[in-house]
Each structure stands twice: as C-alpha cells, then as structure tokens.
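*Asks:*
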Amino acid sequence: MSSTGSGESPARSGRTDKVETPAEPPQHGGGGARSRGSTAALVRGLSWLDRLLAPLVLVAMVLGVVIGKFAPNVETVLTGAQLRGVSIPIMIGLLVMMWPILTKVQYERLHLVFKTPGLWQQLLLSLFLNWVIGPFVMLALAWATLPDLPTYRTGVILVGIARCIAMVMIWNQIAQGSTDLCAILVIINSILQIALYSPLSLLMINVISNPSSTSQKIKLDYGDTAIAVLIYLGIPLVAGVITRFSVIYLLGKEKFESRFLPCFGPLALIGLLYTIILIFAEQATHILDNLGPVFRVFVPLILYFVIMWTGTFVALFLLGRRERWEPVYAYQSAVVQSFTAGSNNFELAIAVCIAVYGVNSDQALAATIGPLVEVPVLLSLSYVSLLLKDHLKWGRGDGPVMITA
1 MSSTGSGESP ARSGRTDKVE TPAEPPQHGG GGARSRGSTA ALVRGLSWLD
51 RLLAPLVLVA MVLGVVIGKF APNVETVLTG AQLRGVSIPI MIGLLVMMWP
101 ILTKVQYERL HLVFKTPGLW QQLLLSLFLN WVIGPFVMLA LAWATLPDLP
151 TYRTGVILVG IARCIAMVMI WNQIAQGSTD LCAILVIINS ILQIALYSPL
201 SLLMINVISN PSSTSQKIKL DYGDTAIAVL IYLGIPLVAG VITRFSVIYL
251 LGKEKFESRF LPCFGPLALI GLLYTIILIF AEQATHILDN LGPVFRVFVP
301 LILYFVIMWT GTFVALFLLG RRERWEPVYA YQSAVVQSFT AGSNNFELAI
351 AVCIAVYGVN SDQALAATIG PLVEVPVLLS LSYVSLLLKD HLKWGRGDGP
401 VMITA
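When we follow the UniProt record's numbering, the leftmost residue of the sequence shown carries the number 1, and every step to the right adds one.
Below, the structure is given as structure tokens:
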C-alpha cells in the first residue's frame with residue numbers, strides 16, 4: 001500500500017544506531033489510558049492526507065461514477081491515445097502515483113542487510129510470509145468467496161501477490177514498530193516485486209486457477225505482465241532512486257525529509273485519486289449494473305488483511321515468549337512483520353490489471369477497491385497493536401536489528 005504522508009517514518013539522522021524500545025512508564029494499572037493517550041497523539045501526528053485517504057478514495061469512486069453516468073463521451077476521450085492498450089491519461093496517473101512512493105524508500109540502508117547477521121532471520125521470515133504464505137492465502141480466500149466470479153477473483157488474486165512497499169511505514173509508525181527493520185524490508189520487497197510478481201501471477205492465474213476450464217478472459221500472458229511490471233514499477237523505481245539521491249545531494253538529508261517530501265509526497269495521492277476517477281468514469285455503467293459483485297469483492301480483502309495480520313502477530317508473540325527467541329521476536333519486530341505481511345501494493349495491482357485486461361475489466365475494478373478496504377482495516381489494527389503492547393507480556397528483547405556503521 002502507498003504512503004501519501006509528508007515525511008518518512010524511518011530514522012531521520014544519517015548516522016546509524018541501535019534500535020531502541022520506547023521506555024515503559026511504571027505499571028499502575030493505567031495501561032489502557034496510556035494506550036489511548038499515545039494513540040490520540042500518534043493520530044494527530046499523521047498528515048491530514050493519510051488520515052483522509054479512505055474517505056478521499058470513496059469520494060473519487062463516487063465522483064468517477066457520476067462523471068461517467070452524466071458525461072458519456074468521457075469513454076471516447078479516454079480510449080483515444082493509447083500505449084500497449086492503456087490510455088495515455090490513465091498511464092500518466094499510474095506512473096505518477098508510484099513515483100513519490102518509491103522516492104521515500106531508503107535505498108541507502110540496503111547495505112545494512114549484509115552487515116547485520118541477526119537481521120537475516122527477520123528477512124527470511126518476511127520473504128516466507130510475503131512471497132509464499134500471503135499470495136496463497138489470498139488465492140484461497142478469493143476462491144472461497146468468489147467461486148462464481150472468475151474475473152473479479154483474478155483481480156483480487158493479483159492484489160494479494162503485490163506486496164506493500166510504503167504505507168506499511170505509516171502503520172509501523174503508529175504501532176511503534178522497528179523503523180530500521182521496516183525500512184530494510186520495504187527495500188527488499190521493492191526489488192523483489194520486479195522479479196517475482198510476473199511469474200507468481202502466472203502460477204496463480206494460469207496454472208493453479210486453470211482458466212482453460214472457465215474463460216480465456218482470465219488467462220495472463222507472461223510477456224504482457226512482465227512488461228506492465230517493468231513500465232509501472234520499473235520506471236517509477238528508477239525515477240524514485242534518481243529523485244531521492246539527486247535531491248539529497250543538492251539539499252541534504254534533513255531538508256529532503258523536512259521540505260522536499262512534504263511537497264512531493266502528496267503527488268502520490270493526487271495520482272491515485274486521478275486514476276480512480278478515470279477508471280470509475282469509464283466503468284460507470286458497468287459498475288451500476290454489477291453492484292452485487294462489486295460489494296462481494298470486499299469480503300476476501302477484509303478477511304485477508306485480518307487473517308494475515310492476526311496470524312503473524314500471534315505467531316511472533318508466542319515465539320517471543322520462548323527463551324530461545326525472546327531477543328529476536330519482541331514487540332517491535334512483530335509489528336513490522338505483521339503489517340508487512342498483511343498489506344499490499346494495490347497501485348501495482350491496478351496498473352497490471354489495466355495493462356493486461358483493460359480499464360473496463362472486472363479485474364481492474366476489483367483491484368481498485370483495494371485501498372478503500374485496506375486503509376481503514378489496517379489503521380484499526382495499528383490501534384489494536386498499541387493496545388496489545390500494553391496488555392500482553394512481551395519478550396524483553398528489542399529485536400535483532402542492531403544497526404552499526
């Protein structure tokens with residue numbers, strides 16, 4: 001999921017430090033009040049764009065349908081100039097919404113993976129959760145809840161394969177997880193998506209789902225999928241790297257985070273809302289005629305976010321209670337792993353669905369519903385994390401992320 005806020009959650013300074021667990025006040029039975037106070041303070045600390053993301057997405061959807069219903073010539077305008085089956089106006093929106101997200105990723109911290117032996121345990125666990133467990137859980141839920149809607153099911157499956165690379169930093173910030181670990185996992189997932197998204201998509205859609213028994217409208221072409229990933233993830237990734245290091249070189253890290261990102265970051269939300277308006281404007285008639293299937297798409301998405309987050313959180317809590325794993329799976333690392341596993345890069349899924357199936361497809365419509373569901377669900381789980389931090393007996397360790405220069 002993307003971050004539309006004004007700044008970065010990872011550590012601000014250029015130096016590297018040991019990850020610190022926030023000091024706990026004396027326990028006097030006031031854990032609930034303390035949790036409520038810290039939650040309110042953290043919510044106030046979010047940018048207004050992050051707090052209003054879900055309502056703004058809903059407004060963009062409604063506005064798009066209204067435009068499409070009362071301005072029927074909008075479809076002709078949008079289908080005019082195209083590149084590889086995607087209209088130029090929508091292509092611009094897809095690229096713009098990914099650019100700021102990939103500019104915020106702290107690529108300069110990647111070398112820490114090779115300097116921190118204990119970090120490999122966290123990295124391997126994250127890879128297993130994100131690239132094995134997560135996609136198959138979404139596949140199972142999509143089939144269980146949408147067995148008679150193969151096109152919508154395909155869109156949901158493609159959302160499950162796209163791993164979150166930015167908004168997870170916001171959830172982690174609210175829940176007081178390890179910022180260093182979160183930054184490194186985001187970098188790894190950003191790189192792996194270019195290599196793994198296309199083959200995993202074909203495995204899930206063409207092999208396991210067996211579209212030959214249903215409809216050729218579902219089948220993915222590897223070439224089209226790979227090109228879509230390279231265009232809509234590769235181009236913004238290169239642009240993000242160039243933008244990040246160029247601006248840091250010119251302004252310095254502090255001004256990059258305090259001045260540049262607050263102005264540049266909201267461009268991701270603008271691009272997202274612009275793209276959603278165009279998609280729903282072009283699909284207005286299709287949406288109004290299929291409200292039942294559209295609302296059914298909410299079910300697997302909600303179940304996925306809750307199951308992945310809860311399963312990861314509980315498993316790491318239980319591991320952290322064991323003496324052997326206590327220094328590794330404490331609260332801070334459990335939060336990072338839970339939100340990384342339980343959230344998705346819906347922007348990439350939207351881009352691939354449009355590029356492969358078309359803007360008028362059920363797949364694109366299903367993928368577009370992703371942010372409307374993900375934002376309120378994961379925001380609620382962030383507050384649940386804070387509550388459980390105070391009310392559960394966590395291990396005394398602070399995780400294995402001992403960042404040294």
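Each residue gets a CB set at the ideal place from its N, CA and C atoms; glycine is no exception.
Indicate, with yes or no, if the ligand ZN has a heavy atom lying under 7 Å from the CB of residue 255.
*Replies:* No copy of the ligand ZN occurs in the structure displayed, which carries no ligand at all.
*Asks:* Assuming residue 175 and residue 382 make a contact with CB atoms under 8 Å, what is their CB distance in whole Å?
*Replies:* Their Cβ separation, rounded to whole angstroms, is 5 Å, which keeps residue 175 and residue 382 in contact under 8 Å.
*Asks:* In chain order, what residues of the same chain lie with their CB nearer than 6 Å to the CB of residue 171, ignoring the 5 residues before and after it?
*Replies:* Excluding residues within five positions, the ones whose Cβ falls inside 6 Å are 339, 378, 382.
*Asks:* Rounded to whole angstroms, what's the CA-CA distance from residue 364 to residue 251? Just pull it up for me.
*Replies:* If you take the alpha carbons of residue 364 and residue 251, they lie about 39 Å apart.
*Asks:* Under 8 Å Cβ to Cβ from residue 94, same chain only, skipping five residues before and after it: list those, please.
*Replies:* Counting only Cβ-Cβ distances below 8 Å, and skipping sequence neighbours, we find 86, 232, 271, 275, 347, 350, 351, 354.
*Asks:* How close, in whole Å, do the beta carbons of residue 91 and residue 83 come, if the pair is a contact with beta carbons under 8 Å?
*Replies:* Yes, residue 91 and residue 83 are in contact; Cβ-Cβ is about 6 Å, under 8 Å.
*Asks:* Determine the direct distance from the alpha carbon of residue 297 to that of residue 58, and round the result to whole angstroms.
*Replies:* In a straight line, the C-alpha of residue 58 is about 15 Å away from that of residue 297.
*Asks:* Would you mind working out which of 193, 303, 384, 380 sits nearest residue 156, comparing C-alpha positions?
*Replies:* The shortest Cα separation from residue 156 among 193, 303, 384, 380 belongs to 303.
*Asks:* Using 8 Å as the Cβ pair cut-off and three pairs as the minimum, do the segment 311-318 and the segment 158-168 touch?
*Replies:* Segments in contact, no.
*Asks:* Is the segment 125-132 touching the segment 185-204, taking contact as three or more C-beta pairs under 8 Å?
*Replies:* At 8 Å Cβ cutoff, the stretches touch.
*Asks:* Residue 125: which of 336, 358, 268, 293 sits nearest, CA to CA?
*Replies:* Among 336, 358, 268, 293, the Cα nearest to that of residue 125 belongs to 336.
*Asks:* Could you tell me whether the segment 357-373 touches the segment 139-153, using the rule of 3 or more Cβ pairs below 8 Å?
*Replies:* Touching, per the Cβ criterion.
*Asks:* For residue 401 and residue 196, what's the separation of their Cα atoms in angstroms?
*Replies:* Residue placement at residue 401 is poorly supported in this model, since its pLDDT is 48, which falls under 50; the coordinates still yield a value, given next. Distance between the alpha carbons of residue 401 and residue 196: 26 Å.
*Asks:* Shortest alpha-carbon distance to residue 143 belongs to which of 200, 111, 208?
*Replies:* Here the closest residue by C-alpha is 208.
*Asks:* Assign residue 257 to buried or exposed, taking buried as 16 or more other Cβ atoms, counted over all protein chains shown, within 10 Å of its Cβ.
*Replies:* The residue is buried, with at least 16 neighbouring Cβ atoms inside 10 Å.
*Asks:* Please name the residue, chosen from 158, 73, 99, that lies closest to residue 284 on a Cα-to-Cα basis.
*Replies:* Of 158, 73, 99, the residue nearest in Cα terms is 73.
*Asks:* Rounded C-beta distance between residue 110 and residue 367? I'm assuming under 8 Å.
*Replies:* Their Cβ separation, rounded to whole angstroms, is 29 Å, which puts residue 110 and residue 367 out of contact at 8 Å.
*Asks:* Under 6 Å Cβ to Cβ from residue 280, same chain only, skipping five residues before and after it: list those, please.
*Replies:* For residue 280, where only same-chain residues beyond five positions count, the Cβ hits under 6 Å are 61, 64, 65.
*Asks:* Could you give the C-beta distance for residue 267 and residue 99, rounded to a whole number, given that I count them as a contact under 8 Å?
*Replies:* Going by Cβ atoms, the distance from residue 267 to residue 99 rounds to 7 Å, so yes, they are a contact pair.
*Asks:* I need the DSSP call for residue 230, collapsed to helix, strand or coil.
*Replies:* Residue 230: helix per DSSP, three-state reduction.
*Asks:* Checking 8 Å against the spacing of the C-beta atoms, do residue 104 and residue 265 come in under that value?
*Replies:* Taking 8 Å as the Cβ cut-off, residue 104 and residue 265 qualify as a contacting pair.
*Asks:* Nearest to residue 371 by CA position, among 173, 299, 345, is which residue?
*Replies:* Nearest of 173, 299, 345 to residue 371, Cα basis: 345.
*Asks:* Give the DSSP bridge partners of residue 344, in chain order.
*Replies:* Answer is 163.
*Asks:* According to DSSP, simplified to helix, strand and coil, what is residue 24?
*Replies:* The predicted position of residue 24 is uncertain, since its pLDDT is 41 and thus under 50; no value can be drawn from it.
*Asks:* Nearest to residue 388 by alpha carbon, out of 376, 237, 259, 332?
*Replies:* Per the Cα distances, 332.
*Asks:* What distance in whole Å lies between the Cβ atoms of residue 146 and residue 300, which are believed to be in contact at a cut-off of 8 Å?
*Replies:* Right, their Cβ atoms sit about 7 Å apart.
*Asks:* Apply the 10 Å Cβ neighbour rule to residue 288 and answer buried if 16 or more other Cβ atoms are within range, or exposed otherwise.
*Replies:* Result: exposed.
*Asks:* Whole alpha helix (DSSP H) runs in the segment 116-177 with 4 or more residues, listed along the chain?
*Replies:* Runs found: 119-128, 134-145, 150-161, 167-175.
*Asks:* How far does the alpha helix (DSSP H) with residue 361 in it extend, from its first residue to its last?
*Replies:* Note, residue 361: premise wrong, no alpha helix (DSSP H); not H, not E.
*Asks:* What are the start and end residues of the alpha helix (DSSP H) that includes residue 180?
*Replies:* Counting along the chain, the alpha helix (DSSP H) containing residue 180 begins and ends at 179-202.
*Asks:* Can the beta-carbon of residue 226 be found closer than 8 Å to that of residue 246?
*Replies:* No, Cβ-Cβ distance for residue 226 and residue 246 is not below 8 Å.
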